[in-house]
Amino acid sequence: MFNNSSKILFMTIMIIGTMITVTSNSWLGAWMGLEINLLSFIPLLSDNNNLTSTEASLKYFLTQALASTVLLFSSIILMLKNNMNVEINESFTSMIIMSALLLKSGAAPFHFWFPNMMEGLTWMNALMLMTWQKIAPLMLISYLDIKNLLLISVILSVIIGAIGGLNQTSLRKLMAFSSINHLGWMLMSLMISESIWLIYFLFYSFLSFILTFMFNIFKLFHLNQLFSWFVNSKVLKFTLFMNFLSLGGLPPFLGFLPKWLVIQQLTFCNQYFTLTVMMMSTLITLFFYLRICYSAFMLNYYENNWTISTQFNNMNTNLYLIFTFFSIFGLFLISLFFFMF
4 MFNNSSKILF
14 MTIMIIGTMI
24 TVTSNSWLGA
34 WMGLEINLLS
44 FIPLLSDNNN
54 LTSTEASLKY
64 FLTQALASTV
74 LLFSSIILML
84 KNNMNVEINE
94 SFTSMIIMSA
104 LLLKSGAAPF
114 HFWFPNMMEG
124 LTWMNALMLM
134 TWQKIAPLML
144 ISYLDIKNLL
154 LISVILSVII
164 GAIGGLNQTS
174 LRKLMAFSSI
184 NHLGWMLMSL
194 MISESIWLIY
204 FLFYSFLSFI
214 LTFMFNIFKL
224 FHLNQLFSWF
234 VNSKVLKFTL
244 FMNFLSLGGL
254 PPFLGFLPKW
264 LVIQQLTFCN
274 QYFTLTVMMM
284 STLITLFFYL
294 RICYSAFMLN
304 YYENNWTIST
314 QFNNMNTNLY
324 LIFTFFSIFG
334 LFLISLFFFM
344 F
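Numbered according to the working numbering, the sequence shown spans residues 4 to 344.
Printed below as a string of structure tokens:
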């Protein structure tokens, strides 16, 4: 009971920390919100029974503390410039702030802590790290107007997110590199308009939730578990891989919709080079998702002779299947809605 009550307390403080950052009107206020968010997220990460989660929480603390220090330093410099009339190049300080925020969100080239840390987390913590913990840094990035650095980060993020995932057998690292790739798309959508970023973020969070929910129910952490696990239930196996493809952004599924919006806006802005790089990287991510799904989609594929008995919780499984329905047919439903009205 104590464990759950403390978790609720820390989660509430974490949400409040993010809200303080998003609503603050000064860099110092934003820094304070980020610190509250960080200090409440660390107790959620650390688990007494699991050494890797403690190690992950320490890694997270060190990287975030470094980013917070740099952010505080640069916001003090900005204050000196405004209040004391000290001659400082503003684009330089904005660049420092931007790099600190990119480090906080785990975007390339400051992504090195992210996959290693994901490896030590439970699925629910990983989901929070991939979705909620991105909100505050990305909102702060939207206040800065440094297109060049952001563009470099976008291109590096999509490329590293695609190539890094090619050689992974751990599902958590696979999701981490997928998250870096999606972060590149989100930063690009942030450059175009905040509303498109919000749409992308919500859809990405929904699709990540479906997959992590499934992995959490069955305690799946490695690729080889996927192939021997759902021998009894073909529907679950099929829907799981459909969700993988939806997260990758394959056209008939829901995951394609936010990418479609970003692609359309980029063509309007004539940014064809960036668009080509981003689409090629997405094809690479789709390649490794398809490689995972290949055995499940073939009608004639090898299975183990023995079966692992899985305890199906009907409530959870039904909930998962409802979410999956929206993930697979969401694009059709939204298109129908637009055509009808």
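For every residue, glycine included, the Cβ atom is placed at its ideal position computed from N, Cα and C. No experiment lies behind these values; they were computed from the predicted model shown.
Opposing strand residues paired with ASN321 [DSSP bridges]: Beta-bridge pairing links ASN321 to no other residue.
Cβ neighbours of LEU12 in the same chain (closer than 7 angstroms, five flanking residues each side left out): Taken in chain order, the list of residues that qualify is empty.
Rounded Cβ spacing between PHE256 and SER330 (contact assumed at less than 8 angstroms): Contact check for PHE256 and SER330: beta-carbon distance about 6 angstroms, within the 8 angstroms limit, so the pair qualifies.
Runs of alpha helix (DSSP H) lying entirely within the segment 103–176, each at least 4 residues, in chain order: The qualifying runs are 116–121, 126–133, 135–146 and 150–167.
DSSP state of ASN184 mapped onto helix, strand, coil: Reduced to three states, the DSSP call for ASN184 is helix.
DSSP three-state assignment for ASN53, whether helix, strand or coil: Note: ASN53 maps to strand in three-state DSSP.
LEU31 to ASN317 span [Cα, whole Å]: Between the alpha carbons of LEU31 and ASN317 lies a gap of roughly 48 angstroms.
Cutoff 6 angstroms; reference ILE162; Cβ partners in own chain excluding five residues on either side: Excluding its 5 nearest sequence neighbours in each direction, ILE162 has C-beta neighbours in its own chain below 6 angstroms: SER284, listed in chain order.
Validate contact between the segment 78–89 and the segment 102–117 using beta carbons, cut 8 angstroms, 3 pairs: By the Cβ criterion, the segment 78–89 is not in contact with the segment 102–117, since fewer than three pairs of Cβ atoms, one from each stretch, lie closer than 8 angstroms.
Short Cβ contact (8 angstroms threshold) for GLY123 with SER49: For GLY123 and SER49, no; Cβs fall outside 8 angstroms.
Proximity of THR288 and GLY164 at Cβ, strictly below 8 angstroms: With contacts defined as CB atoms closer than 8 angstroms, THR288 and GLY164 qualify as a contacting pair.
Identity of the residue in LEU193, ASN52 and ALA179 nearest GLY109 by Cα: When only C-alpha atoms are compared, the closest one is ALA179.
Among HIS185, ASN246, THR327 and PHE113, the one whose alpha carbon lies nearest that of PRO261: Just measuring C-alpha positions, the residue of HIS185, ASN246, THR327 and PHE113 sitting nearest PRO261 is HIS185.
Any 3 or more C-beta pairs closer than 8 angstroms across the segment 39–48 and the segment 16–26: In the pairwise beta carbon analysis, the segment 39–48 is classified as touching the segment 16–26: at least three pairs are separated by under 8 angstroms.
Beta-carbon contacts of ASP148 that lie in its chain and below 8 angstroms, excluding the five residues immediately before and after: Result list for ASP148: SER97, in chain order.
Test item: CB-CB of ILE183 and SER160 under 8 angstroms: Going by C-beta atoms, ILE183 is nearer than 8 angstroms to SER160.
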